[in-house]
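Chemist: Here it is, the structure, as structure tokens.
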Amino acid sequence: MTDGPQAVAVEAVVAVEKGAPVALTRIIVPPPGPGEARVRVQACGVCHTDLHYREGAINDDYPFLLGHEAAGTVESVGEGVTSVAPGDYVVLAWRAPCGTCRSCLRGAPWYCFDSRNAVNPMTLEDGTPLSPALGIGAFTPLTLVAAGQCVKVDPAVPPQAAGLIGCGVMAGFGAAVNTGRITRGETVAVFGCGGVGDAAIAGASVAGARRIIAVDVDDRKLEWARGFGATHVVNSRNEDPVEAVRALTDGNGADVVIEAVGRPETYRQAFFSRDLAGRLVLVGVPDPSMTVELPLIEVFSRGGSLASSWYGDCLPTRDFPIIIDLHRGGRLDLAAFVTETVGIGDVERAFERMRRGDVLRSVVLI
């Protein structure tokens with residue numbers, strides 16, 4: 129008889145090749161090695177990043193095990209793991225600071241340059257190693273991660289809501305609170321009102337912004353944005369968003385502008401929507417081929433800052449429980465991000481709904 133956890137075969141959502149529909153196929157999840165944890169996934173959000181992996185927009189390390197916005201329960205842990213134990217309810221993070229790189233050592237672990245992932249590979253049944261999306265891979269009943277990627281949270285929050293903190297909600301909320309450093313009384317504009325943009329709007333509201341302007345091309349999304357705290361909305365199909373933002377801010381522009389689309393045209397609009405000394409935060413993920421051109425004199429003369437927000441510049445062990453507490457206190461409605469729940473075989477259909485803009489988040493219940 130062999131003691132301890134063994135390798136397990138489970139069904140999972142895999143992107144086999146560029147542009148091909150995802151496949152539900154059997155994979156092998158090994159037992160956790162030193163510093164690793166195996167997690168029983170209960171729910172996982174369907175994020176644009178998963179679609180980017182499927183389409184080869186991130187890299188070509190196929191086959192990909194998709195899914196990364198996940199919550200579940202620790203099933204087993206490897207040698208040396210003390211931060212979590214079997215039975216712990218966790219949200220999975222794709223940043224697990226190493227504690228020893230130059231960024232961690234200078235007190236900025238949210239910029240860790242050597243974030244931890246599991247070392248033992250999950251594989252197809254024929255032994256082909258899988259590339260887990262963002263180092264997680266959670267469209268599966270069981271996944272293997274570094275123990276540092278497991279963040280314990282209050283189990284009172286259902287997994288379909290809690291899991292979204294693992295990516296989209298944290299990215300948007302952190303772009304507003306951590307990167308944008310929004311303070312009471314400031315004016316804010318958010319370009320793009322998908323899940324990340326709405327989380328930025330929610331973060332701005334929690335931070336005490338007095339005016340929050342949501343900008344999008346879809347009236348339905350703008351109405352959703354109001355539910356997360358937008359005080360004004362602008363449909364940029366119908367009016368110049370730069371002029372509209374200025375008109376709503378006494379002709380000055382917003383103190384903080386968050387670009388949650390990741391396109392050159394919206395970035396330029398966001399840049400010119402700032403007040404003097406205003407702060408511009410890019411959190412939308414661009415295609416690697418995209419470039420942006422700006423008049424250098426405008427970059428100089430407007431002052432302020434142009435920042436990129438990596439995962440909301442978050443420290444998961446600090447920020448995930450904060451967002452859970454805000455939700456439980458009625459100040460941030462995580463459940464409002466969940467448009468629908470689907471089965472593990474419905475990911476391809478969820479991608480289509482995402483493309484059409486029909487959902488904030490589809491969430492796979494496992």
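With the working numbering, the residue at position 324 of the sequence shown is 452, and numbering never jumps.
Note that CB positions come from ideal geometry on N, CA and C, so glycine has one too.
On a predicted model such as this, the values are computed, not experimentally measured, just so you know.
Assess, as a yes-or-no matter, whether the stretch 227-237 is touched by the stretch 210-218 under the definition of 3 or more beta carbon pairs within less than 8 Å.
Modeler: no
Chemist: For the beta strand (DSSP E) that ILE451 lies in, which residues bound it at each end?
Modeler: That residue, ILE451, is in no beta strand (DSSP E); its alpha helix (DSSP H) goes 444-456.
Chemist: Consult DSSP for ALA358 and reduce its assignment to one of helix, strand or coil.
Modeler: coil
Chemist: State the Cα-Cα distance for the pair ARG234 and VAL305, rounded to the nearest angstrom.
Modeler: 21 Å
Chemist: Assuming PRO160 and LEU272 make a contact with CB atoms under 8 Å, what is their CB distance in whole Å?
Modeler: 6 Å
Chemist: Would you call the CB atoms of ALA246 and GLU164 closer than 7 Å?
Modeler: yes
Chemist: Enumerate in chain order the residues of its own chain whose CB-to-CB distance from ALA382 is below 7 Å, with the five nearest sequence positions on each side excluded.
Modeler: THR315, VAL316, ALA317, ILE341, VAL373, SER401, ARG402, ASP403, GLY406
Chemist: List the endpoints of the continuous alpha helix (DSSP H) containing LEU422.
Modeler: No alpha helix (DSSP H) contains LEU422, which DSSP labels as neither H nor E.
Chemist: Between which residues of its own chain and GLN277 is the CB-CB distance below 6 Å, once the five residues before and five after are set aside?
Modeler: LEU220, ALA221, ALA224
Chemist: How many angstroms separate the CA atom of MET129 from the CA atom of THR201?
Modeler: Any reading at MET129 must be qualified, since the residue scores a pLDDT of 45, below 50, and its modelled position is unreliable; no value is offered.
Chemist: Pick from LEU443, ILE450, GLU476, ARG477: whose alpha carbon is nearest that of CYS232?
Modeler: LEU443
Chemist: Look at the alpha carbon of PRO191 and the alpha carbon of LEU258, and state the distance between them as a whole number of angstroms.
Modeler: The alpha-carbon atoms of PRO191 and LEU258 are separated by roughly 6 Å.
Chemist: Per DSSP, what are the beta-bridge partners of LYS280 in this structure?
Modeler: VAL218
Chemist: One question on the structure: do LEU193 and PRO260 come within less than 7 Å of each other, judged by their Cβ atoms?
Modeler: yes
Chemist: Taking the C-alpha atoms as reference points, what is the distance between PRO111 and LEU422?
Modeler: Residue 111 lies beyond the residue range present for the chain, which begins at 129 and ends at 494; the question has no answer from this structure.
Chemist: How many angstroms separate the CA atom of GLU387 from the CA atom of GLY485?
Modeler: 18 Å
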